[in-house]
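Chemist: Top to bottom, those sequences are chains A and B. Mapping of the first sequence onto the working numbering: position 161 corresponds to residue 161, and the numbering continues sequentially without gaps. Mapping of the second sequence onto the working numbering: position 228 corresponds to residue 228, and the numbering continues sequentially without gaps. The beta-carbon is built from N, C-alpha and C at its ideal position, and this holds for glycine as well. Sharing a structure with you now.
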Amino acid sequence: MSHPLYQLIRCRIKTFFREPEAIFWTYGFPLIMVFGLGIAFRNKPAEIITFDVVQSSGGQRVAEMAKNQSIIVPHLRSVEEANERLRKNKTPVVLEVLADGSYCYHFDPANPDALRAKLLIDDTLQRAAGRRDTVPTSIQQVTAPGSRYVDWLVPGLIGMNLMGSGMWGIGFNLVDMRVRNLLKRLLATPMKRSHFLASMIGTRVMFFAPELTVLLMFAWLLFGVPIRGSLFSLILMTFLGAVTFAGLGLLTACRAKRIETVSGLMNLIMLPMWLMSGIFFSAERFPDFIQPFVQALPLTQINNALRAIMLDGATLASQWLAILILVGWSVLSFTLALRWFRWN
Amino acid sequence: MTSAIVCENLVKTYEDGKRSVEALRGLELEVPRGECFGLLGPNGAGKTTTVEILQGLIEPTSGEVQVLGLRWGAGNDSELREKLGSTLQETRLQDKLTVIETLQLFRSFYRIGITPQQALHLVDLEEKSSALVRTLSGGQKQRLAVACGLVGKPELLFLDEPTTGLDPTARRRLWDVVTALKATGTTILLTTHYMDEAEKLSDRVAIVDQGKIIALGTPRQLIHQLGGEHVVEFSLQQNGQRRDDLPPDHFTRVATVHSATREPDGYLLTVAEPHLAIPSLLQQLAAEQLELASLTTRHVNLEDVFITLTGKRLTEEEDN
Ligand SMILES: Nc1ncnc2c1ncn2[C@@H]1O[C@H](COP(=O)(O)OP(=O)(O)OP(=O)(O)O)[C@@H](O)[C@H]1O
Ligand SMILES: [Mg+2]
């Protein structure tokens, strides 16, 4: 007869793949996030500023001049109409050419968009009128793959996925089995407890491989998200993340007797990491005094390390601190979980 | 050869927050090998607690337990588990596994045993082999649970309320499974709160109430203990009004009566000779100007034994 560990793992895999919702949340959802956020925050083409100019002969001249400029589009309107539109924020700026030929800009300086528009419009018109820069300037464009938002986002989503499916995959299933009296039933057999726990953790960690592959392939095909570091480092780091969150999942579920209890605990543990661990925006943005807490969170360390490896081509050795923190979390959570584990 | 099960002065107190529940209060039990033994008792009597202590799933507060000559926690637990099979009360197997996958899983835990197919054959569930557990009926799920207890070819099988909640047909099919198992010489400890089940399946029965065994013997012996083989149940009226305020003792003078108890809707007498008892009862009622509202007679069963011993019913009315 086949080995119990093999049977336990086989059963876990089968139940997983017979659960369409679980497959969606594990594999489908992160892809939708990459797609949606990648599109939403893609680099926009150079901005065009539309604005109102008060109808007058001077206004006509400005409109003529702006014709050859691609980034500003003036519309000639009556004073009343232009001022009305300014009040309703339909135009950022109203330009009035005064009798002496000077330009008067009407706008709210407290509105950064209006200020930016005014500066751009004025700069463009002054150049068109023949102004020369006293110091020559040049521009270096940086929109290469690897520095866009979507590049920054993908490692964070991998981290988030490791956390979500690790904690839910283990926590939910364990408590479900406890509620069903199945843990006790298994205990009544000669099954080794270590085999059972190994199968829970093992299956979870096994699932990370297809998860990672699907996400990386998708991000690469759709947005050209690069992997600059070695694939080996990336896999090892992800593996460590999967183990860490499997341990946290086990700890969260080690005593809970009801699904509601474990759901609450899960959310309690995951919420700070969702907010602070730098999935959607950098964890550095939090004030200094909570940085020690933010940096101690396992998800922060995984996200940072994955970003360093994928985007900066960092080596595994350079991530020693992240690795140390994650190993610490794993050891702590497994030790406590095994000590406190409730079988019935 | 040692007994299959020995319990000596078993006590179990659950500490449930501030309250503490005395589930077992000095339970004594000895079951020889090869016997099908029934633990019969109402809800909360302590049946599950006893069975789970015997399986080493919970620890007794005090008292001694020996299972197949071994003790729990003496270093040979897994050796002992190899020899036990069980169905626990209210276990729901994994919905998303098929019947055969479930059995293969359970089989893999035992060093020796029968094949999953053989186990399916024993519980007559072969045609459902590749069905998902979710799609099984209640009775089929319960038979699968029994099959899971059989794959390790147990010397001792625990069946904790195997037929609770099943319809009569499903119950009878499970009884057939158990009867067939008895024939193979497997020791079986069965708990139930159905007296007909205990009567039909058990070689011997212990009636448990409030954590103690209050009667022990073969179903026949227990019934004989009541003296009478027959039960007379009746209810009374006077001038069109129900009368159930008389103490049961009121009827102990009726001929051949052994015991008298009050029922929810009347009285229950156990009698040796109904053909003497009924005329005697009628005579007494006539003298007291009481009329019968109803009267039935039947053979004594284990339920009557329980009622006579405790003054309570074994099953609530809504149980079927
Ligand atoms: N884990 C527990 N914590 C607290 N009290 C418990 C626990 N398990 C059982 N009890 C109490 O112990 C008593 C005996 O329970 P047990 O489950 O052994 O009864 P039972 O005879 O199996 O009843 P049933 O026919 O309802 O299954 C009951 O009063 C029950 O409420
Ligand atoms: Mg019970």
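1. Please report how far the alpha carbon of Pro-209/A lies from the alpha carbon of Ile-9/A, in whole angstroms.
2. Answer yes or no: do Tyr-105/A and Val-97/A have a C-beta to C-beta separation smaller than 7 Å?
3. With H, G and I counted as helix, E and B as strand and the rest as coil, what does DSSP make of Asn-267/A?
4. Taking 6 Å as the cut-off, is the C-beta of Leu-212/B nearer than that to any heavy atom in ligand 2?
5. Can you tell me where the alpha helix (DSSP H) with Leu-68/B in it begins and where it stops?
6. Is it the case that the Cβ atoms of Trp-343/A and Leu-183/A are separated by a distance below 7 Å?
7. Have a look at Leu-5/A, Ser-2/A, Asn-68/A and Gly-38/A and flag the residue whose alpha-carbon is nearest the alpha-carbon of Phe-280/A.
8. So which residues on chain A does Thr-91/B lean against when the C-beta distance must stay under 8 Å?
9. Quick one: is Glu-64/B buried, meaning 16 or more other Cβ sit within 10 Å of its Cβ, or exposed?
10. Touch check for the region 145 to 154 of chain B and the region 66 to 77 of chain B: three-plus C-beta pairs under 8 Å?
11. At what residues does the alpha helix (DSSP H) containing Leu-88/B begin and finish?
12. Out of Asn-303/A, Leu-120/A and Trp-220/A, which has the shortest C-alpha to C-alpha gap to Ile-48/A?
13. Where does Thr-315/A land, buried or exposed, given buried means 16+ other C-beta within 10 angstroms?
14. Which of helix, strand or coil does DSSP assign to Arg-77/A?
15. List the endpoints of the continuous alpha helix (DSSP H) containing Ala-351/A.
16. Please determine, among Leu-84/B, Glu-273/B and Ala-23/B, the residue with the shortest C-alpha to C-alpha distance to Gly-46/B.
17. Could you say if the region 266 to 275 of chain B and the region 216 to 228 of chain B meet the contact criterion of at least three C-beta pairs nearer than 8 Å?
18. Going by C-alpha distance, which of Pro-292/A, Val-62/A, Asp-312/A and Met-33/A is nearest Ile-325/A?
19. Comparing the CB of Gln-142/B with every heavy atom of ligand 2, is any distance shorter than 6 Å?
20. Let me see if you follow: with CB-CB separation under 7 Å, is Arg-18/A close to chain B or not?
21. Within 10 angstroms of its Cβ, does Tyr-110/B collect 16 or more other Cβ (buried), or is it exposed?
22. Find the residues of chain B that neighbour Ser-2/A, judging by a C-beta separation of less than 8 Å, and give them in chain order.
23. Contact between the region 195 to 213 of chain A and the region 111 to 128 of chain A is defined here as three or more beta-carbon pairs at a separation below 8 Å; is this criterion met?
24. Identify each residue in the region 38 to 70 of chain B for which the Cβ-Cβ distance to at least one residue of chain A is less than 9 Å, and report them in chain order.
25. Using a Cβ distance threshold of 8 Å, determine whether the region 189 to 196 of chain B contacts the region 114 to 129 of chain B, with at least three qualifying pairs required.
26. Just to confirm the assignment, what range does the beta strand (DSSP E) spanning Leu-39/A have?
27. Distance check for Lys-212/B and Gly-321/B, CA to CA, integer angstroms please.
28. Among the residues of its own chain, which have a CB less than 8 Å from the CB of Glu-318/B, if the five just before and after it don't count?
29. Can you list, in chain order, every residue whose CB sits closer than 7 Å to a heavy atom of ligand 2?
30. Which partner residues of Leu-29/B appear in the DSSP bridge assignment?
31. Applying a beta-carbon distance threshold of less than 8 Å, which residues of chain B neighbour Lys-14/A?
32. Using only CA atoms, which one of Glu-211/A, Glu-19/A, Leu-250/A and Asp-176/A lies nearest to Glu-260/A?
33. Should Glu-82/B be flagged as near chain A, meaning a C-beta pair shorter than 7 Å?
34. Which same chain residues, not among the five before or five after Pro-60/B, have their C-beta less than 8 Å away from its C-beta?
35. Between Gln-7/A and chain B, is the shortest Cβ-Cβ distance under 7 Å, so that the two count as touching?
36. Only counting the same chain, and skipping five residues up and downstream in sequence, which positions put a Cβ closer than 8 Å to that of Glu-101/B?
Modeler: With the given structure in hand:
1. The residue you asked about is not Pro; residue 209/A is Ala in the sequence shown. Computed Cα separation, rounded: 16 Å.
2. The Cβ atoms of Tyr-105/A and Val-97/A do not sit closer than 7 Å to each other.
3. helix
4. Sequence check: residue 212/B is Lys here, not Leu. Lys-212/B: no, Cβ never under 6 Å from ligand 2.
5. From DSSP, Leu-68/B is part of no alpha helix (DSSP H); its letter is neither H nor E.
6. Yes. Within cutoff.
7. Comparing Cα positions, the closest option is Gly-38/A.
8. Correct list: Arg-180, Asn-181, Leu-182, Lys-184 and Arg-185.
9. exposed
10. Contact check between the region 145 to 154 of chain B and the region 66 to 77 of chain B: fewer than three CB pairs, one atom from each, fall below 8 Å, which does not count as touching.
11. Segment: none, Leu-88/B is in no alpha helix (DSSP H) and carries neither H nor E.
12. Leu-120/A
13. exposed
14. strand
15. As displayed, chain A neither begins before 1 nor continues past 344, which places residue 351/A out of reach and without an answer.
16. Ala-23/B
17. yes
18. Pro-292/A
19. no
20. yes
21. buried
22. Gln-104 and Ser-108
23. In this structure the region 195 to 213 of chain A does not lie against the region 111 to 128 of chain A, because fewer than three pairs of beta carbons, one per stretch, are closer than 8 Å.
24. Glu-52, Gln-55, Gly-56, Leu-57 and Ile-58
25. no
26. In the sequence on display, residue 39/A carries Ile and not Leu. It is not in any beta strand (DSSP E) - Ile-39/A instead sits in the alpha helix (DSSP H) that spans 29 to 40.
27. Missing from the structure shown is residue 321/B; chain B here goes from 1 to 320 and no further.
28. With a pLDDT of only 41 at Glu-318/B, under the threshold of 50, the placement of this residue in the model should not be trusted, and no figure is reported.
29. Lys-47/B, Thr-48/B, Gln-89/B, Asp-160/B, Glu-161/B and Thr-191/B
30. Bridge partners of Leu-29/B: Cys-7/B.
31. Lys-96, Leu-97 and Glu-101
32. Asp-176/A
33. With 7 Å as the cut-off, Glu-82/B counts as an interface residue toward chain A.
34. Leu-10, Val-11, Lys-12, Leu-24 and Ile-53
35. yes
36. Non-local beta-carbon contacts of Glu-101/B in its own chain, meaning distances under 8 Å to residues more than five positions away in sequence, are absent.
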